[in-house]
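Student:
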Amino acid sequence: MMAMVTWEYALLVRRYQGQGRNFHVSFIWYAPDGTRRDVTAYGDTAIAHLNRVGREGWELVSAAEDVNNVQGSTEVHRYHLKRPLAEAPSGR
């Protein structure tokens with residue numbers, strides 16, 4: 001019987017807020033265990049962050065963008081990632 005691959009999932013969120021030269025970009029990592037960590041210091045582009053977590057075995061499975069331009073500008077980019085669990089949990 002073939003072993004079933006089990007996955008863990010994480011979320012990288014890029015948030016851009018501001019107007020013109022007055023803006024702030026942040027990156028937040030939502031880990032599989034539910035913790036949240038500001039990872040902005042690890043890079044200033046989404047590609048830098050995706051390459052970093054890619055080296056840790058994470059694979060991008062989807063991306064979504066929300067833009068709100070009512071007051072100033074806010075962009076939220078969500079990068080959904082997965083990687084195989086090291087060991088399949090024994091539930092039997």
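In our numbering, the protein residues as written are 1 to 92. The beta-carbon is built from N, C-alpha and C at its ideal position, and this holds for glycine as well.
1. So, does the region 54-70 touch the region 34-44, judging by three or more C-beta pairs under 8 Å?
2. Could you compute how far the alpha carbon of R36 sits from the alpha carbon of I28?
3. Using only CA atoms, which one of M2, W7 and M1 lies nearest to L85?
4. Helix, strand or coil: which one does DSSP assign to V53?
5. Is it right to say R21 is buried, meaning 16 or more other beta carbons lie within 10 angstroms of its own, or is it exposed?
6. Have a look at A64 and H80 and give me their C-alpha separation to the nearest angstrom.
7. Give me the residue from R14, I47, Q19 and A31 with the minimum Cα distance to R83.
Tutor: From the atom records:
1. With the rule of 3 Cβ pairs closer than 8 Å, the region 54-70 does not count as touching the region 34-44.
2. Reading the sequence shown from its first residue, position 36 is the one you call residue 36. Reading the sequence shown from its first residue, position 28 is the one you call residue 28. If you take the alpha carbons of R36 and I28, they lie about 7 Å apart.
3. Residue mapping note: residue 85 aligns to position 85 of the sequence shown, counting from 1. Residue W7 holds the alpha-carbon nearest to the alpha-carbon of L85 among M2, W7 and M1.
4. As a position in the sequence shown, residue 53 is number 53, starting the count at 1. The DSSP-derived three-state label of V53 is helix.
5. The count along the sequence shown starts at 1 and reaches residue 21 at position 21. Classification for R21: exposed.
6. Here residue 64 corresponds to residue number 64 of the sequence shown, with the count starting at 1. Here residue 80 corresponds to residue number 80 of the sequence shown, with the count starting at 1. Rounded to whole angstroms, A64 to H80 spans 9 Å at the Cα level.
7. Here residue 83 corresponds to residue number 83 of the sequence shown, with the count starting at 1. When each option's Cα is compared against that of R83, the closest is A31.
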